[in-house]
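Residue numbers (our numbering): 394 to 631.
Take a look at the structure set out below.
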(Lines of atoms letter the chains of each structure in order from A and count residues from 1; the text may use other names and numbers.)
(Lines give C-alpha, C1' and ligand atoms only; values in the text may rest on other atoms or scores of the structure.)
Protein backbone atom coordinates (compact mmCIF):
# COMPACT_ATOMS: atom_id res chain seq x y z
CA UNK A 1 0.00 0.00 0.00
CA UNK A 2 2.21 2.76 -1.28
CA UNK A 3 -0.09 5.61 -0.22
CA UNK A 4 0.49 4.98 3.49
CA UNK A 5 2.69 7.21 5.65
CA UNK A 6 5.01 6.28 8.54
CA UNK A 7 2.45 7.69 10.99
CA UNK A 8 -0.35 5.55 9.65
CA UNK A 9 0.49 2.00 8.58
CA UNK A 10 -2.02 -0.76 8.05
CA UNK A 11 -0.87 -3.70 10.19
CA UNK A 12 -2.34 -7.20 9.93
CA UNK A 13 -2.04 -9.16 13.19
CA UNK A 14 -3.03 -12.81 12.91
CA UNK A 15 -2.85 -15.82 15.20
CA UNK A 16 -4.84 -18.67 16.73
CA UNK A 17 -7.53 -18.35 19.39
CA UNK A 18 -6.32 -16.86 22.70
CA UNK A 19 -2.87 -16.04 21.33
CA UNK A 20 -3.15 -12.53 22.78
CA UNK A 21 -3.97 -10.69 19.56
CA UNK A 22 -6.58 -8.46 21.16
CA UNK A 23 -4.75 -7.52 24.37
CA UNK A 24 -1.32 -7.24 22.75
CA UNK A 25 -2.60 -5.50 19.63
CA UNK A 26 -4.64 -3.05 21.69
CA UNK A 27 -1.69 -2.19 23.93
CA UNK A 28 0.64 -1.78 20.95
CA UNK A 29 -1.89 0.45 19.21
CA UNK A 30 -2.18 2.64 22.31
CA UNK A 31 1.61 2.98 22.50
CA UNK A 32 1.80 4.00 18.85
CA UNK A 33 -1.30 6.18 18.64
CA UNK A 34 -2.91 3.71 16.23
CA UNK A 35 -6.50 2.54 16.04
CA UNK A 36 -7.15 -1.11 16.89
CA UNK A 37 -9.76 -3.51 15.59
CA UNK A 38 -10.23 -7.09 16.75
CA UNK A 39 -12.21 -8.58 13.85
CA UNK A 40 -12.89 -11.68 15.92
CA UNK A 41 -15.45 -9.60 17.80
CA UNK A 42 -17.53 -9.43 14.64
CA UNK A 43 -17.60 -13.22 14.34
CA UNK A 44 -18.23 -13.64 18.06
CA UNK A 45 -21.10 -11.16 17.84
CA UNK A 46 -22.58 -13.00 14.85
CA UNK A 47 -22.27 -16.30 16.74
CA UNK A 48 -23.87 -14.93 19.90
CA UNK A 49 -26.71 -13.36 17.93
CA UNK A 50 -27.24 -16.56 15.93
CA UNK A 51 -27.48 -18.58 19.16
CA UNK A 52 -29.87 -16.03 20.63
CA UNK A 53 -32.09 -16.07 17.53
CA UNK A 54 -31.89 -19.81 16.97
CA UNK A 55 -30.11 -19.49 13.62
CA UNK A 56 -28.09 -22.64 12.88
CA UNK A 57 -24.59 -22.38 11.43
CA UNK A 58 -25.40 -25.21 9.02
CA UNK A 59 -28.79 -23.78 8.06
CA UNK A 60 -29.75 -21.06 5.59
CA UNK A 61 -26.68 -18.78 5.16
CA UNK A 62 -28.95 -15.86 4.29
CA UNK A 63 -30.27 -15.89 7.85
CA UNK A 64 -26.75 -15.50 9.21
CA UNK A 65 -25.93 -12.73 6.73
CA UNK A 66 -29.06 -10.85 7.78
CA UNK A 67 -27.66 -10.60 11.32
CA UNK A 68 -24.64 -8.57 10.20
CA UNK A 69 -26.58 -5.32 9.82
CA UNK A 70 -27.45 -5.44 13.53
CA UNK A 71 -23.82 -5.66 14.71
CA UNK A 72 -21.61 -2.64 15.37
CA UNK A 73 -18.17 -2.15 16.89
CA UNK A 74 -17.82 0.83 19.21
CA UNK A 75 -14.62 2.48 20.49
CA UNK A 76 -13.52 2.38 24.10
CA UNK A 77 -11.94 5.29 25.96
CA UNK A 78 -8.65 4.67 24.09
CA UNK A 79 -10.21 4.58 20.65
CA UNK A 80 -9.94 0.80 20.31
CA UNK A 81 -12.92 -0.81 18.62
CA UNK A 82 -13.35 -3.09 21.61
CA UNK A 83 -17.09 -2.93 22.34
CA UNK A 84 -19.83 -4.84 20.55
CA UNK A 85 -23.32 -3.41 20.31
CA UNK A 86 -26.44 -5.05 18.92
CA UNK A 87 -29.51 -2.88 18.52
CA UNK A 88 -27.79 -0.29 20.69
CA UNK A 89 -27.16 -2.75 23.55
CA UNK A 90 -23.59 -3.39 24.70
CA UNK A 91 -23.12 -7.17 24.51
CA UNK A 92 -19.32 -7.26 24.78
CA UNK A 93 -19.36 -9.47 27.86
CA UNK A 94 -21.89 -11.84 26.28
CA UNK A 95 -19.76 -12.58 23.21
CA UNK A 96 -16.94 -13.99 25.38
CA UNK A 97 -18.86 -16.88 26.95
CA UNK A 98 -17.85 -20.56 26.66
CA UNK A 99 -20.95 -21.19 24.53
CA UNK A 100 -19.71 -18.69 21.97
CA UNK A 101 -16.21 -20.21 22.19
CA UNK A 102 -17.69 -23.59 21.28
CA UNK A 103 -19.71 -22.36 18.29
CA UNK A 104 -17.79 -19.48 16.72
CA UNK A 105 -15.62 -21.62 14.45
CA UNK A 106 -18.65 -23.25 12.81
CA UNK A 107 -20.27 -19.87 12.20
CA UNK A 108 -17.00 -18.43 10.92
CA UNK A 109 -16.80 -21.14 8.24
CA UNK A 110 -19.95 -19.89 6.49
CA UNK A 111 -18.64 -18.21 3.35
CA UNK A 112 -21.57 -15.81 2.72
CA UNK A 113 -21.15 -14.49 6.28
CA UNK A 114 -17.42 -13.99 5.77
CA UNK A 115 -18.12 -12.08 2.56
CA UNK A 116 -20.65 -9.89 4.34
CA UNK A 117 -18.06 -8.96 6.96
CA UNK A 118 -15.14 -8.57 4.55
CA UNK A 119 -16.16 -5.22 3.12
CA UNK A 120 -16.77 -3.79 6.59
CA UNK A 121 -13.30 -4.82 7.73
CA UNK A 122 -11.63 -3.29 4.68
CA UNK A 123 -13.53 -0.04 5.08
CA UNK A 124 -12.37 0.20 8.70
CA UNK A 125 -8.77 -0.36 7.63
CA UNK A 126 -9.03 2.31 4.94
CA UNK A 127 -10.06 5.10 7.31
CA UNK A 128 -7.41 7.79 8.07
CA UNK A 129 -4.65 6.98 10.55
CA UNK A 130 -2.68 3.88 11.40
CA UNK A 131 -4.51 0.73 12.42
CA UNK A 132 -3.67 -2.69 13.82
CA UNK A 133 -6.31 -5.12 12.62
CA UNK A 134 -6.32 -8.49 14.38
CA UNK A 135 -7.88 -11.75 13.26
CA UNK A 136 -7.10 -15.12 11.70
CA UNK A 137 -7.03 -14.28 7.99
CA UNK A 138 -6.18 -10.58 7.93
CA UNK A 139 -2.82 -10.92 6.20
CA UNK A 140 -3.95 -13.68 3.85
CA UNK A 141 -7.49 -12.66 2.89
CA UNK A 142 -8.80 -9.42 4.40
CA UNK A 143 -5.74 -7.19 3.89
CA UNK A 144 -3.24 -9.06 1.70
CA UNK A 145 -1.63 -5.72 0.81
CA UNK A 146 -1.09 -4.62 4.42
CA UNK A 147 2.06 -2.63 5.09
CA UNK A 148 3.13 -5.10 7.76
CA UNK A 149 1.94 -8.62 8.61
CA UNK A 150 2.54 -10.19 12.01
CA UNK A 151 1.62 -13.69 13.21
CA UNK A 152 1.31 -14.03 16.99
CA UNK A 153 1.53 -17.61 18.20
CA UNK A 154 1.72 -19.69 21.37
CA UNK A 155 1.24 -23.35 22.23
CA UNK A 156 -2.27 -24.55 23.04
CA UNK A 157 -1.14 -25.26 26.61
CA UNK A 158 0.12 -21.71 27.08
CA UNK A 159 -3.05 -20.23 25.64
CA UNK A 160 -5.27 -22.43 27.81
CA UNK A 161 -3.34 -21.40 30.92
CA UNK A 162 -3.77 -17.71 30.09
CA UNK A 163 -7.49 -18.07 29.44
CA UNK A 164 -8.01 -19.99 32.69
CA UNK A 165 -6.17 -17.31 34.64
CA UNK A 166 -8.26 -14.59 32.99
CA UNK A 167 -11.40 -16.37 34.20
CA UNK A 168 -10.05 -16.92 37.71
CA UNK A 169 -9.83 -20.70 37.29
CA UNK A 170 -7.23 -23.09 38.65
CA UNK A 171 -4.80 -23.77 35.81
CA UNK A 172 -4.64 -27.47 36.76
CA UNK A 173 -8.37 -27.91 37.32
CA UNK A 174 -11.06 -29.58 35.19
CA UNK A 175 -12.30 -26.28 33.78
CA UNK A 176 -8.80 -25.47 32.51
CA UNK A 177 -8.56 -28.94 30.97
CA UNK A 178 -11.81 -28.31 29.11
CA UNK A 179 -10.50 -24.95 27.89
CA UNK A 180 -7.42 -26.73 26.51
CA UNK A 181 -9.59 -29.32 24.76
CA UNK A 182 -11.75 -26.56 23.25
CA UNK A 183 -8.70 -24.68 22.01
CA UNK A 184 -7.28 -27.81 20.39
CA UNK A 185 -10.59 -28.46 18.65
CA UNK A 186 -10.75 -24.82 17.57
CA UNK A 187 -7.20 -24.92 16.21
CA UNK A 188 -7.97 -28.05 14.21
CA UNK A 189 -11.11 -26.52 12.73
CA UNK A 190 -9.45 -23.18 11.96
CA UNK A 191 -6.35 -24.67 10.36
CA UNK A 192 -8.15 -27.29 8.28
CA UNK A 193 -11.21 -25.42 7.08
CA UNK A 194 -11.44 -24.97 3.31
CA UNK A 195 -12.45 -21.31 3.59
CA UNK A 196 -9.70 -18.91 4.77
CA UNK A 197 -7.78 -21.42 6.91
CA UNK A 198 -5.61 -20.11 9.72
CA UNK A 199 -2.04 -19.78 8.48
CA UNK A 200 0.68 -17.13 8.48
CA UNK A 201 0.99 -15.01 5.36
CA UNK A 202 4.14 -15.87 3.42
CA UNK A 203 5.66 -12.49 4.30
CA UNK A 204 4.48 -12.34 7.92
CA UNK A 205 6.84 -11.87 10.86
CA UNK A 206 6.26 -14.80 13.23
CA UNK A 207 6.27 -13.94 16.97
CA UNK A 208 6.10 -16.90 19.40
CA UNK A 209 5.06 -15.78 22.88
CA UNK A 210 5.44 -18.90 25.08
CA UNK A 211 7.14 -17.78 28.29
CA UNK A 212 6.94 -14.09 27.40
CA UNK A 213 5.74 -11.47 29.79
CA UNK A 214 2.87 -9.46 28.34
CA UNK A 215 4.99 -6.32 28.07
CA UNK A 216 7.70 -8.27 26.20
CA UNK A 217 5.26 -9.31 23.50
CA UNK A 218 3.81 -5.80 23.24
CA UNK A 219 7.34 -4.47 22.91
CA UNK A 220 8.11 -6.92 20.10
CA UNK A 221 5.01 -5.84 18.17
CA UNK A 222 5.73 -2.13 18.69
CA UNK A 223 9.34 -2.62 17.59
CA UNK A 224 8.28 -4.44 14.42
CA UNK A 225 5.84 -1.66 13.51
CA UNK A 226 8.37 1.11 14.17
CA UNK A 227 10.92 -0.69 12.03
CA UNK A 228 8.36 -0.95 9.22
CA UNK A 229 7.62 2.77 9.58
CA UNK A 230 11.33 3.51 9.26
CA UNK A 231 11.65 1.33 6.16
CA UNK A 232 8.71 3.09 4.55
CA UNK A 233 10.16 6.49 5.40
CA UNK A 234 13.57 5.51 4.01
CA UNK A 235 11.93 4.20 0.83
CA UNK A 236 9.93 7.38 0.37
CA UNK A 237 12.99 9.60 0.73
CA UNK A 238 15.29 7.58 -1.54
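Beta carbons: idealized from backbone N, C-alpha and C, even for Gly.
Fair warning: this is a prediction, and the values are worked out from it, not measured in the lab.
{"Query": "Counterpart residues of residue 588 in DSSP-defined beta bridges", "Result": "Beta-bridge pairing links residue 588 to no other residue."}
{"Query": "Own chain partners of residue 580 with C-beta closer than 8 Å, once the 5 adjacent residues on each side are dropped", "Result": "409, 410, 549, 591"}
{"Query": "Straight-line Cα distance separating residue 502 from residue 578", "Result": "14 Å"}
{"Query": "DSSP beta-bridge partners of residue 403", "Result": "524"}
{"Query": "Same chain, Cβ closer than 7 Å to residue 525, five either side skipped, listed in chain order", "Result": "404, 406, 418, 421, 422, 427, 429"}
{"Query": "The region 568-577 contacting the region 476-489, beta-carbon criterion three pairs below 8 Å", "Result": "no"}
{"Query": "Beta-carbon gap between residue 600 and residue 613 smaller than 8 Å", "Result": "yes"}
{"Query": "Cβ-based burial, residue 395 [other Cβ within 10 Å; buried from 16]", "Result": "Any reading at residue 395 needs caution, since the residue's pLDDT is 38, under 50, leaving its predicted position unreliable; the model's value is listed next. Looking at its Cβ environment, which holds fewer than 16 other Cβ atoms inside 10 Å, residue 395 is exposed."}
{"Query": "Close-in-space but distant-in-sequence residues of the same chain around residue 467 (CB under 6 Å, 5 per side omitted)", "Result": "476, 478"}
{"Query": "Nearest-angstrom Cα separation, counted from residue 533 out to residue 544", "Result": "11 Å"}
{"Query": "Distance, residue 453 Cα to residue 617 Cα", "Result": "42 Å"}
{"Query": "Those residues which DSSP pairs with residue 599 across a bridge", "Result": "544"}
{"Query": "CA-to-CA distance, residue 522 to residue 425, given in whole angstroms", "Result": "11 Å"}
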